[in-house]
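A short write-up of the structure that comes next.
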Amino acid sequence: IGKEKFHKSQHWGYCNNVAMLVGEDKPGIGGEPLPGQSLKPKYSVFPEGMGSDAPAWVAFDKQVLSFDAYFEEEVPDKNQELYRIRHCKIYFYLEDDTIQVIEPQVKNSGITQGPIVRRHRIPLPPPQEDQFYNIEHFNINIDIILYARKYKIIDCDQFTKNFLRKMGIRLNPPGGRPDDPYTKQRQKILDSMKPLRPYERFDTLKQFLEHDRHVLRFYCVWNDPESVFDDPRELVLHYYLSDDTIDIKEITPANAGWDAVPLFLRRDKLPKYAPTGLYQPGTITSRTVLNVLGNLTGGRGRYILDNRKTGAVHEEFYRDSDLKIGTVINVWGRKIILCDCDEFTKEYYRTKYGIEDFTPVPYKAPPPPNPERTFPPYTGFGSEEDSLCSCMGLLPKPPQKDFKKFMEKDRCGMESNILRFLAKLVTDSPIDQNRKFIVSYFLSDDTISVFEHQQQNTGILGGKFLERCRIKKPGQELFKSEPSEYFKAQNLFIGARICFHGHNFLLVDADEYTINYMEKHANEFSVADVGVILKKLKGITEPRSREIRQMFAAADPEHTKVIEYDSFRNLIVGITEGAFSEHEMMTLGRYYSVKDEYEMDLHFLLAVAQEQLKKNNFENFGQLSAVLMYNDREKQVRGVLPGEVCRTVCKSFKLPLSNDDLQALLTMFEDDHKQVEYKKFVDGLNWRENQIPAFQTIKIPPKNEDDWSGQPPSLPVNRIKYLPLLDDLFGKEE
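Letter 76 of the sequence shown, counting from 1, is numbered 76 in full-length UniProt numbering, and no numbers are missing.
Structure (structure tokens):
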């Protein structure tokens, strides 16, 4: 009765007055084991004196016990071996009592080797499968069972031995390492196959080290006699200098109808054909033997190796010296012509053999010209560029804009990059003849917009006349395959007649920025190029030089060497008979005009500049001075730089000054050598430290290019110096 009560006290308990079955390993009050109960350890128990007081997963991190073991595996399907000995490594991880079994790789074993048991906690064999292996279960020269497979531990490393001794485990003596009988038998067979005398050694290491990755490339052709169309087959021959081997690849053109093969000839030494043809198998051997006794022993021969290789057959192979442009080589019965080579091959033969002639051998006809690409006519839907992109490929893409041109010609600071012209309608209607239009051409995207100047009591509402867009030139067919021509900047100049969507305009004037821009880019605008205009005028007036001189002298009765612009224009019109446009005559007049010399007040000019800088909150004078000083390589005391350098630096800082004002300021601060004293220049602009109070009473009307109403420029051309013009046309008069 007492045993029964004790047994029930171990397995049954009460929770909320309900009898419940509890675990066998449940301890008593305070964690003390019950009478007759032995607790099973969950993890390895290490002595307190070992290491620190940290937990095992910290104290024994990355510490592993290594054991050498083996197991026997039955081989039921082979007669050569009944069992197999497989050696392995057993690793025990101290931090968490996990075990891993790995079999080292053995060459040519034919067995899948590597991890046999992945790392995890392994339970003990039955009937203790509810417990796991810990450090107390390991020793040398014992058997352990891991998942029904018996492993024999034969030895361990020195760290493992020292650790087990510290744990109080008495180590057994190491066990023997048995050999696999089948492996041992195979090794005997391999040892018996070794020759009594070693083969001759051919040292090719030097050649490999000197010419590794050095390949000669030849472009070849092979006329296949069995081809139906007798087409030449293009080949590429590679000669590897590291081991004198050759491979050949075929270049298969698109839609050739030939089978694409990776190699025409695999990499190997290419033999030369012997006069008698190919050698039979067995004729060429690496060694030759001599029959010493002959037939004296009753048919039994006695053979020894022939060191002098008497009667040996030597086969010749193609070398680099045999490969030249124009040479025909025999590739297993196929005649291949070497036609060309690459630059590395030419340099190799030029250096080693002194060959300079590398004339390629022509072997194919020139390719036929590409057929002209035609496009269907424009359908009228969308823009022409968008419709054309749908014909370029299967996946239509939007037309690409000239982004580079947009970034270069977009408005930047004081540079508007907009050409503005004053235009009038070419019509017989008296009402429309007095209407004025502003034609603006945007250089960033070649678009044009037209605004009408509002005039009082005309009965016509001014404002936007034409939306900004690209305008086609008149007289073009609408539905055609070729792209339409649009108005360019070169088509707009003073005196030009243009037609915008059926409205004929005459350009009668332009603003000062447009005229200066066209003269600055005279290579793009021929009407603003003085050289082109003089050449054209010289071709017309050269036969009448004396008469023309008299005409200009008659226009200047007082001999002042200067005539009015109207007289100059009338003379040019009469001489050229209307061949010159108004813009060309104006360009000549501006070039040979009398430049008024102004004595501008520096004090007033600096006051205007400071007022503009102050309104735009420009205060980077220190940084401006530092950049100018950086560009001054000579670092003189006065601090001088060329005017163009100062102008470029000021443009980079985007000073809110017009080009004329900036140029006038730089001119004011030039010395005798035409060098700008940039220190004085920056000090004069610094309105913070050197403010000019006298300017407070001066009112300067703001100037805005966008408010140009088409009026003539403030400083028109008035007087022309005609003598320099006549000298440039006919030379100086004696």
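For glycine and all other residues, C-beta sits at the position ideal for the given N, C-alpha and C.
A quick note: this is a predicted structure, and the numbers were derived from the prediction, not measured.
Going straight from the alpha carbon of residue i to that of residue j, what length do you get?
i: P174; j: K152; result: 11 Å
i: A694; j: F681; result: Reliability fails at A694, whose pLDDT of 49 lies under 50, so the model's placement of it is uncertain and no value is given.
i: V649; j: K635; result: 17 Å
i: A528; j: K538; result: 16 Å
i: H211; j: I189; result: 39 Å
i: I540; j: R633; result: 51 Å
i: R373; j: E482; result: 11 Å
i: L278; j: E73; result: 53 Å
i: D707; j: K464; result: Caution applies to D707, whose pLDDT of 46 falls short of 50 and renders its modelled position unreliable; the value that the coordinates give is listed next. Between D707 and K464, the C-alpha separation is close to 14 Å.
i: V439; j: M585; result: 21 Å
i: D509; j: L419; result: 11 Å
i: R233; j: G333; result: 15 Å
i: S9; j: L34; result: Because the pLDDT of S9 is 40, which lies under 50, any placement of that residue in the model is unreliable, and the number read from its coordinates should be weighed accordingly. Cα-Cα distance, rounded: 9 Å.
i: N491; j: P430; result: 27 Å
i: G354; j: Y240; result: 20 Å
i: V18; j: D68; result: 54 Å
i: A59; j: E95; result: 8 Å
i: I248; j: F406; result: 52 Å
i: E315; j: K107; result: 36 Å
i: M551; j: R544; result: 11 Å
i: K561; j: S567; result: 13 Å
i: F451; j: G684; result: 41 Å
i: I85; j: S109; result: 12 Å
i: G710; j: C391; result: For G710, the predicted structure reports a pLDDT of 48, less than 50, and the residue's modelled location is therefore unreliable. The matter cannot be settled from this model.
i: L624; j: S416; result: 24 Å
i: P474; j: D432; result: 21 Å
Bridge partners of residue i, per DSSP?
i: T427; result: Beta-bridge pairing links T427 to no other residue.
i: R544; result: According to DSSP, R544 bridges with nothing at all.
i: H120; result: I99
i: N504; result: C499
i: T245; result: Y240
i: K152; result: Y70 and D143
i: P115; result: I102
i: P126; result: DSSP lists no partner for P126.
i: E677; result: V640
i: D340; result: Y219
i: R308; result: Answer is none; R308 lacks a bridge partner.
i: L235; result: C220 and E250
In terms of alpha-carbon separation, which member of the options lies closest to residue i?
i: M668; options: R177, L613 and L602; result: L602
i: P360; options: H583, L338 and M551; result: L338
i: A553; options: V594, I720 and G639; result: I720
i: Q476; options: Y486, S625, F465 and Y70; result: Y486
i: I102; options: Y91, G110, N108 and E95; result: Y91
i: S321; options: G684, N417, F403 and Y349; result: Y349
i: Q80; options: A56, E32, K184 and P125; result: K184
i: A148; options: A489, F71 and E733; result: F71
i: N616; options: V627, N631, L657 and A626; result: L657
i: L323; options: P127, F358 and K732; result: F358
i: V236; options: W258, K397, R267 and A254; result: R267
Looking only at its chain, what residues have a beta carbon closer than 6 Å to the beta carbon of residue i, apart from the 5 residues adjacent to it on each side?
i: L725; result: Y592
i: G382; result: none
i: I122; result: I99, Y133 and L146
i: G326; result: V361
i: D340; result: Y219 and P360
i: I329; result: I336
Starting from residue i and walking both ways along the alpha helix (DSSP H), at which residues does that stretch end?
i: G622; result: F621 to N631
i: P724; result: Y722 to F730
i: S567; result: Y565 to T576
i: P181; result: P181 to S192
i: E611; result: L602 to K615
i: C389; result: E384 to C389
With respect to the beta strand (DSSP E) encompassing residue i, which residues constitute its N-terminal and C-terminal limits?
i: W222; result: V215 to N223
i: H521; result: Segment: none, H521 is in no beta strand (DSSP E) and carries neither H nor E.
i: R319; result: Note, R319: premise wrong, no beta strand (DSSP E); not H, not E.
i: Y83; result: Y83 to Y93
i: L466; result: G463 to C469
i: R302; result: No beta strand (DSSP E) contains R302, which DSSP labels as neither H nor E.
Keeping to the same chain, check which residues put their C-beta closer than 7 Å to that of residue i; ignore five residues upstream and five downstream.
i: V289; result: Y303, I304, L305 and D306
i: P125; result: I145
i: S66; result: K89, Y91, C156, D157 and T160
i: I533; result: E584, T587 and L588
Beta-carbon within less than 8 Å of residue i's beta-carbon, same chain only, minus the 5 sequence neighbours each way: which residues are those?
i: D97; result: Y43, S44, R121, F132, Y133, N134 and I135
i: Y565; result: G589, S593, P716, V717, N718, R719 and I720
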